[in-house]
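Structure first, then comments.
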Amino acid sequence: MHGNSMNTSIKNNLKQLKKRDKFKFSLISNSNQKTEYNLPKASEKQLRDIRKRLKKERSLWWFNAILLTLFSITFIGFLVFSVINITF
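Given below as structure tokens:
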């Protein structure tokens with residue numbers, strides 16, 4: 002009986018493969034259509050201002066990340082040493 006169920010399973014899988022080929026490329030967009038973007042024009046000064054603002058935001062983010070990491074390490078170290086002192 003086990004051999005029969007194996008054969009049935011293989012037949013069903015083959016049937017599913019045949020159906021799959023119909024939808025094989027359904028998620029791929031049509032390459033003939035070209036996507037158009039409506040990008041606003043920006044002057045050199047605007048681009049410079051955006052660049053400065055992004056650099057400032059990035060440096061502030063890194064400063065906060067490093068500060069948070071240092072506080073976390075200090076807090077965890079304090080907890081570990083206080084637990085060690087309590088147990089001994």
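Under my numbering, the first residue of the sequence shown is numbered 2, with each subsequent residue one higher.
All C-beta atoms in this analysis are idealised placements derived from N, C-alpha and C, irrespective of residue type, glycine included.
- Annotated three-state conformation of Leu48 is helix, per DSSP.
- Rounded to the nearest whole angstrom, the C-alpha separation of Thr88 and Trp62 is 39 angstroms.
- For Lys56, the secondary structure class from DSSP, reduced to helix, strand or coil, is helix.
- Thr75 sits in a helix when the DSSP states are folded into three classes.
- Residues of the same chain with their beta carbon placed closer than 7 angstroms to that of Ile11 are lacking, with the five preceding and five following residues left out of the count.
- The three-state reading of DSSP puts Ala66 in helix, counting H, G and I together.
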